[in-house]
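**Q** Take this structure, written in structure tokens, and hold onto it; I'll ask about it next.
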Amino acid sequence: MPEWPEMDTYRRLLSPLVCGRTIQAVEVNREKTINEPVDVFQSALTGRKILFVERRGKHLLFHLDDGHRLLLHLMLGGWIYYGPESEPEREDSRYQVILELDDGNRLFFGGLRLGYLHRLTAKGAQEHLKDLGPDPFDPRLTEEAFTKRLGKRRGKLKPTLVDQKLVSGIGNCYSDEICFDAKVLPMAQIPDLSEETKQRLYHSMRQVLEEAAANGGYMDHKFSADDTFVGGFDEMCRVYDREGEDCPRCGTPIRLEHVSSRKMFFCPSCQKEQ
DNA sequence: AGTGACACCCGAACGC
DNA sequence: TGCGTTCGGGTGTCAC
Numbered sequence: 001m002p003e004w005p006e007m008d009t010y011r012r013l014l015s016p017l018v019c020g021r022t023i024q025a026v027e028v029n030r031e032k033t034i035n036e037p038v039d040v041f042q043s044a045l046t047g048r049k050i051l052f053v054e055r056r057g058k059h060l061l062f063h064l065d066d067g068h069r070l071l072l073h074l075m076l077g078g079w080i081y082y083g084p085e086s087e088p089e090r091e092d093s094r095y096q097v098i099l100e101l102d103d104g105n106r107l108f109f110g111g112l113r114l115g116y117l118h119r120l121t122a123k124g125a126q127e128h129l130k131d132l133g134p135d136p137f138d139p140r141l142t143e144e145a146f147t148k149r150l151g152k153r154r155g156k157l158k159p160t161l162v163d164q165k166l167v168s169g170i171g172n173c174y175s176d177e178i179c180f181d182a183k184v185l186p187m188a189q190i191p192d193l194s195e196e197t198k199q200r201l202y203h204s205m206r207q208v209l210e211e212a213a214a215n216g217g218y219m220d221h222k223f224s225a226d227d228t229f230v231g232g233f234d235e236m237c238r239v240y241d242r243e244g245e246d247c248p249r250c251g252t253p254i255r256l257e258h259v260s261s262r263k264m265f266f267c268p269s270c271q272k273e274q
């Protein structure tokens, strides 16, 4: 669920808090979340300094002072919490991994059912991310580069937008929001799209992701005790999870359809096939 | 190359 | 209310 805006929000919030901090202790409550034996993971991380935090697509990379990286993917329903103590209503055991920092705060990784936190070499991390497409805001991904890239694809628009090889970071929610903003149906066939529509998709992609990130994305977990920012975009979604509600543009009820077990929310009136 | 099916996992939602 | 069952959703992989 966490997509580009959610992960970039985490990166922005975490960077000033954890850069330069040393990991003092590591708690692992679910061994499958990590990629090596718990004792190896713990002793390798203890004493390591976090240099900086990088986002690649929906991944977060914590760069460590020994050249290794901690690679995080929240997948479905994962979240991050930061503070001296966990969220009051949540037991520590609900968190799969907890990193204790040298300033008395802790980084809590929760909801990692399919998500993971892997300790990798620089090479290992690179290998893991080798198939990721460009970032939506990569300066090399110009309007022309994007429309060309999209134009090479066949098939339906939505499955292509969520394909991390096309552009990295777009998932179920924002693909629907982008299609709505660009006034095109998510089930439209890419070869049918006009050049203008592909150009609109490019600008909608950047506009929607930027607006969502500026409002804290749609995460439903607080980042810290006094956090009122994360999740602010939840009520700003135009179509996602709004089946039956009025389209904010034309008033037609939003429709939900499934394509290969994937939800698509759209306005059947003001979003078009081309 | 696109499409669909499946496995992974477990909290949440649902049904009785 | 409470217990058992089903479902969802990103990604990787595999078959067609």
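For the first sequence, UniProt numbering gives the first residue as 1, with consecutive numbering after it.
Yeah, the Cβ is synthetic: ideal placement off N, Cα and C, and Gly gets one too.
This structure is a prediction, so every number in the text was calculated from the model and none was measured.
1. Check this for me: beta carbons of A225 and R200, under 8 angstroms apart or not?
2. For my contact list, D192 and Q274 are in at a C-beta cut-off of 8 angstroms; report their separation, rounded to the angstrom.
3. In chain order, what residues of the same chain lie with their CB nearer than 7 angstroms to the CB of S175, ignoring the 5 residues before and after it?
4. Measure from the alpha carbon of E87 to the alpha carbon of each residue in R11, L112, D227, then state which is nearest.
5. Which two residues bound the contiguous beta strand (DSSP E) that contains H203?
6. Report buried or exposed for D220, applying the criterion of at least 16 other Cβ atoms within 10 angstroms of its Cβ.
7. Looking only at its own chain, which residues have a Cβ that is under 6 angstroms from the Cβ of D92, when we skip the five neighbours before and after it?
8. Ends of the alpha helix (DSSP H) at Y174?
9. Which residue's Cα is closest to the Cα of L72: L114, L51, S261?
10. Give the straight-line distance between the Cα atoms of R206 and R106, rounded to the nearest whole angstrom.
11. Report, in whole angstroms, the separation of the C-beta atoms of L166 and L150, which I expect to be a contact under 8 angstroms.
12. Once DSSP output is grouped into helix, strand and coil, what is the label at G217?
13. Which class does D246 belong to by DSSP, given the choice of helix, strand or coil?
14. Give me the residue from G231, R12, L14 with the minimum Cα distance to residue 275.
15. Smallest Cα separation from R255: which of F223, E3, F180, M236?
16. Between the alpha carbons of E127 and I98, how many angstroms are there, rounded?
17. Any contact of the segment 77 to 84 with the segment 132 to 140, i.e. 3+ C-beta pairs under 8 angstroms?
18. For residue 310, report the span of its beta strand (DSSP E) as first-last.
19. In whole angstroms, what separates the C-alpha of G269 from that of K152?
20. Report buried or exposed for V18, applying the criterion of at least 16 other Cβ atoms within 10 angstroms of its Cβ.
**A** This is what the structure gives:
1. no
2. 5 angstroms
3. K158, L161, V162, P186
4. D227
5. Segment 195 to 214 is the alpha helix (DSSP H) holding H203; no beta strand (DSSP E) there.
6. exposed
7. S86
8. 172 to 181
9. L114
10. 33 angstroms
11. 7 angstroms
12. coil
13. strand
14. Because the chain here runs from 1 to 274, residue 275 falls outside it and cannot be looked at.
15. F180
16. 26 angstroms
17. no
18. The first residue shown for the chain is 1 and the last is 274, placing residue 310 beyond what the model contains.
19. Looking at the sequence itself, residue 269 is Ser, so the reference to Gly does not match. One C-alpha to the other measures close to 28 angstroms.
20. buried
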